[in-house]
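Numbering of the sequence shown is given in the working numbering, commencing with residue 105 and proceeding in unit increments.
For every residue, glycine included, the Cβ atom is placed at its ideal position computed from N, Cα and C.
Shown next, in structure tokens, is the structure this report addresses.
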Amino acid sequence: MSKTIIFTDGSSRGNPGPGGWGTIVSFDELREARVRELGGRNTKTTNNRMELTAVIEGIDFVVSKKLTEDIVLYTDSEYVKKGATEWIHGWKRNDWRTSTKGEVLNRDLWERLSELLSQIKIEFKVIKGHSGVVGNERCDVIATTFADGTPDVLFNDIAEKYKVDLDTAKQMFVSKATKSKSSSKKAYSYVSSIDGVVKTHQTWAECEARVKGKTNARFKKVFSKEEEGALVKSFVR
105 MSKTIIFTDG SSRGNPGPGG WGTIVSFDEL REARVRELGG RNTKTTNNRM
155 ELTAVIEGID FVVSKKLTED IVLYTDSEYV KKGATEWIHG WKRNDWRTST
205 KGEVLNRDLW ERLSELLSQI KIEFKVIKGH SGVVGNERCD VIATTFADGT
255 PDVLFNDIAE KYKVDLDTAK QMFVSKATKS KSSSKKAYSY VSSIDGVVKT
305 HQTWAECEAR VKGKTNARFK KVFSKEEEGA LVKSFVR
């Protein structure tokens, strides 16, 4: 049996605000490679809750299929990865209290995730969001369309009919090569988005000043007016 692959992403329009989550699961069923997209919406939530929900729903799906080993999950959230692989053990020992004795945020979701993790063997991998990894980009589309109340059609069929390339290793290699090649090119502008509010900047310093330290920030360098326009549209979608 091949590896079971899970991609996840979450989005919220405000913190709190309406949010959505998106998950892709690539798995084998009855010796047939299949892909299932999952997604959902919450009218008042946070980005972290949506990131966690995407992970929980993906793992819950594979557990329901009795796929409990050789699973890799990709997330662009360090909060999710560190919480699931490091912090959760101490939280459980301390009755879901932090090191400063405060209650763990999103405890209900962490408890549900802990229950699921006890049933499987899974590897968490963090990837950079909006870096050319197509599985992550597709999850972002699912999450943001659900957040906006205009959910995209979700795929559920054999893998050979799926038009999204889930070869993460190849995409990360291409992404790094493209980044190296383009790093010497002069930027046309920089685009940033915080909680759905998009701005363009003429210099990286201006962009950095806006996004630094903001957990919900998205930003990217572009090389033409057309590329800028397309990115602005994708950020406000």
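Euclidean distance between Cα positions of Asn-210 and Leu-217: 11 Å
Proximity below 9 Å, CB of Ile-298 to CB of Ala-313: no
Any non-hydrogen atom of the ligand COA within 8 Å of Phe-259 CB: For the structure depicted, the ligand COA is absent and the ligand set is empty, with no information on it obtainable.
Beta-carbon proximity check, Phe-250 vs Thr-179, cutoff 9 Å: no
Assigned secondary structure, Glu-190 (DSSP; H/G/I helix, E/B strand, else coil): helix
Endpoints, the alpha helix (DSSP H) within which Asn-151 is located: 151 to 168
8 Å contact criterion, which Gln-223 and Thr-172 should meet: CB distance rounded: 6 Å
Exposure of Arg-242, with buried meaning 16 or more beta-carbon neighbours within 10 Å: buried
Close Cβ partners of Pro-122 (< 6 Å) along its chain, the five nearest in sequence each way excluded: Thr-147, Ala-251
Simplified DSSP assignment, three categories, for Thr-108: strand
Distance, Ser-116 Cα to Asn-198 Cα: 30 Å
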